[in-house]
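A.B. asks: The following block contains the structure, expressed as structure tokens.
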Amino acid sequence: MIILVVNAGSSSLKYQLMDSEDGRVLAKGLAERIGINGSQIKYSRPGAEQLVEVLELPNHSVAMQRVLELLTSPECGVVETMDAIDAVGHRVVHGGERFAGSCLIDAEVVAAIRAMIPLSPLHNPPNLAGIQACRNAMPGKPQVAVFDTAFHQTMPAEAYMYALPYSFYAEHGVRRYGFHGTSHQYVAERAIALMGLPLEESKIVTCHLGNGSSITAVRAGRSIDTTMGMTPLAGVPMGTRCGDIDPAIIRFMMNAKSEDGLDIDRMDRIMNHESGVLGISGVSSDFRDLYAAADEGNKRAQLALDMFIYQVAKSVGAYAAAMNGLNGLVFTAGIGENTPALRAAVCERLGYLGIEIDAEANARRGEEVLISTADSRVRVYCIPTNEELMIAKDTARLATGV
Ligand code: AMP
């Protein structure tokens, strides 16, 4: 089936038209600066130069309409008419406890995603705008929501509860939800297939290391714990997010800086946008820049890398304990797929689990490869993630009612 995969942000709309059977990408691109001056649409298809069209995009509906025109245009289109698009799959960030899997979108699902806005004020509103834009542009076309949180709904209560008064969970949904679920599920399923172990025996830790990073314990194909929490701010340090900190630090920093007007919004900004490896290094949130700076002797860049590696290794160790064993470890996303030195450094700290890395295999980047030695007690993989394919497959399955 031909599926349009849509990932709508507050001022952007990423899209990919793909064949859900073989994962072939027919066209993809990005509408940027929606509702802001200087908006544009990037459009690319295999074997052709990328088009960049500068035009006014006052809202997501106008952007979606133009994307559909490009996809079906006689000059640069990849399908003849919109009828060739079988269904639309949307990435939706927060599905709360309501969604443990993907689902066809109807008015009730839209209302449920809207009801989840307090838990995800930055992401669910633009996701809804993307859904509405596609409903306007393609009325009657099956639309499917695929949630970042859904895969983690199998976590047991002992892993998802916070030790706060129970009423905050019962009345406001304060608990761990976890994110990057589509990615963790995709690479875990790939690893299970590659390992050839019976599903029930598989104990895998998946490390999604990108701009945002999270680590997940996957036992028998199901998420049993993950480092992100009620929001994507928790867990290991990230590009600009602080990850886990002592919660009392927030009050301390706000008091210490109150004369400078450090209110809760400023605090939130600091923790989300000015912390992580950027905050520590003062150099960049991008690991390529950090490695380059560390190579030139920048001590804070080296510290940021060391902290990240330490916390990732610590999380893997914690999850090996949580699963009472480990037989697979996966690295994925921008950093996990492209940084052999970081993979080697994490694995070096995990020697006690019997992990041994094959230096030659580990030198490969951005491809599906076993990077552990034949003797390693844990099979370690680099597996490029493919959230779009996962979304396309779920969408095809639900749209055909299989
Ligand atoms: P993602 O969020 O998965 O797109 O990952 C983005 C991050 O991956 C960037 O901020 C970089 O830190 C990192 N990254 C991407 N490519 C490379 C590379 N070739 N070497 C090192 N880090 C990379």
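First residue of the sequence shown? That's 1 in this note's numbering, and the numbers climb one at a time after it. Glycine is no exception: its CB is placed at the ideal position from the N, C-alpha and C atoms. In this text the structure is predicted, and so the values were computed from the model without any measurement.
When the Cα of Ala48 is compared with those of Val78, Gln40, Arg24, which residue comes out closest?
C.D. replies: Val78
A.B. asks: Identify which residue in Arg241, Met238, Ala234, Met271 has its Cα closest to the Cα of Arg251.
C.D. replies: Met271
A.B. asks: If contact is defined by three or more beta carbon pairs under 8 Å, each pair taking one atom from either stretch, is the stretch 334-344 in contact with the stretch 209-219?
C.D. replies: Taking 8 Å as the limit for Cβ pairs, the verdict is that the stretch 334-344 does touch the stretch 209-219.
A.B. asks: Use the C-beta contact count for Val5: other C-beta atoms within 10 angstroms, 16 or more gives buried, fewer gives exposed.
C.D. replies: buried
A.B. asks: Is any heavy atom of the ligand AMP found at a distance shorter than 7 Å from the C-beta of Ala333?
C.D. replies: yes
A.B. asks: When DSSP builds the beta bridges, which residues end up paired with Thr216?
C.D. replies: Thr206, Thr226
A.B. asks: Considering only the alpha carbon of each residue, which of Ala321, Ser61, His123, Thr72 lies closest to Thr149?
C.D. replies: His123
A.B. asks: Kindly list the residues whose CB is nearer than 7 Å to the CB of Arg175, restricted to its own chain and excluding five residues on each side of it in sequence; keep chain order.
C.D. replies: Tyr160, Met161, Tyr162, Tyr169, Met230
A.B. asks: Would you identify the three-state DSSP class for Gly279, choosing helix, strand or coil?
C.D. replies: Helix, per DSSP.
A.B. asks: Quick check on the DSSP output: the beta strand (DSSP E) that includes Arg45 runs from which residue to which?
C.D. replies: Element bounds for Arg45: n/a, residue is neither H nor E.
A.B. asks: Between Gly328, Ala107, Val67, Gly95, which lies nearest to Val369 when the distance is taken from Cα to Cα?
C.D. replies: Gly328
A.B. asks: Using CA atoms only, rank isn't needed, just tell me which of Ala217, Leu128, Ser167, Gly178 is closest to Ala188.
C.D. replies: It is Ala217.
A.B. asks: Among Phe287, Ile85, Leu17, which has the Cα closest to the Cα of Pro237?
C.D. replies: Phe287
A.B. asks: Let's see if you can read the secondary structure: which residues bound the beta strand (DSSP E) around Tyr15?
C.D. replies: 13-19
A.B. asks: How many whole angstroms separate the CB atoms of Ile371 and Asn362, which I take to be in contact at a CB cut-off of 8 Å?
C.D. replies: That pair is a contact at about 4 Å.
A.B. asks: Residues bridged to Glu53 by DSSP?
C.D. replies: Ile41
A.B. asks: Okay, do the stretch 37-45 and the stretch 109-129 touch, 3+ Cβ pairs below 8 Å being the bar?
C.D. replies: no
A.B. asks: Below 8 Å on the Cβ atoms is my contact criterion, and I expect Leu353 with Ile309 to pass it. Report the Cβ-Cβ distance as a whole number of Å.
C.D. replies: That pair is no contact at about 16 Å.
A.B. asks: Tell me whether Phe179 sits in a helix, a strand or coil according to DSSP, three-state version.
C.D. replies: coil
A.B. asks: If distances are taken between C-alpha atoms only, which option among Glu97, Pro139, Ala145 comes closest to Gln153?
C.D. replies: Glu97
A.B. asks: Report back the beta-carbon spacing between Ala191 and Tyr381 to the nearest angstrom; my notes put them in contact at under 8 Å.
C.D. replies: 6 Å
A.B. asks: So Gln65 and Met390 are supposed to be a Cβ contact under 8 Å. How far apart are they, rounded?
C.D. replies: No, Gln65 and Met390 are not in contact; Cβ-Cβ is about 26 Å, not under 8 Å.
A.B. asks: Look at the alpha carbon of Ala345 and the alpha carbon of Val67, and state the distance between them as a whole number of angstroms.
C.D. replies: 43 Å
A.B. asks: Out of Pro118, Ser120, Phe147, Ile113, which has the shortest C-alpha to C-alpha gap to Gln132?
C.D. replies: Ile113
A.B. asks: Is the separation between the beta-carbon of Leu13 and that of Ile2 shorter than 8 Å?
C.D. replies: No; because the gap between Cβ atoms is not below 8 Å, this pair is not in contact.
A.B. asks: Taking the alpha carbon of Gly403 as the point to measure from, which residue in Tyr291, Thr373, Met82 has its own alpha carbon closest?
C.D. replies: Outside the modelled stretch of the chain, which goes from 1 to 402, sits residue 403, for which no answer is possible.
A.B. asks: Output needed for Gly221: all residues of its chain with C-beta closer than 8 Å, excluding positions within five of it in sequence on either side, in chain order.
C.D. replies: Ala188, Glu189, Ile192, Leu199, Ser202
A.B. asks: For Thr332, which three-state DSSP category applies?
C.D. replies: strand
A.B. asks: Hey, out of Phe151, Ala374, Ser120, whose CA is closest to Ala100's CA?
C.D. replies: Phe151
A.B. asks: In the DSSP assignment, find the beta strand (DSSP E) that holds Val62 and state where it starts and stops.
C.D. replies: Per DSSP, Val62 belongs to no beta strand (DSSP E); it is in the alpha helix (DSSP H), 60-72.
A.B. asks: Please tell me whether, using a cut-off of 7 Å, the distance from the CB of Asn386 to the nearest non-hydrogen atom of the ligand AMP is below it.
C.D. replies: no
A.B. asks: With DSSP as the reference, label Tyr162 as helix, strand or coil.
C.D. replies: coil
A.B. asks: Taking the beta carbon of His60 as the centre, do at least 16 other beta carbons fall within 10 Å, making it buried, or is it exposed?
C.D. replies: Buried is the call here.
A.B. asks: Would you say the beta carbon of Asp286 comes nearer than 7 Å to a heavy atom of the ligand AMP?
C.D. replies: yes
A.B. asks: Kindly say whether Val205, judged by its beta-carbon, lies nearer than 8 Å to any beta-carbon of chain D.
C.D. replies: In the structure shown, chain D cannot be found, because there is only a single protein chain.
A.B. asks: Where does the unbroken beta strand (DSSP E) through His273 begin, and where does it stop?
C.D. replies: First-last for His273: 264-273, but that is the alpha helix (DSSP H), not the beta strand (DSSP E).
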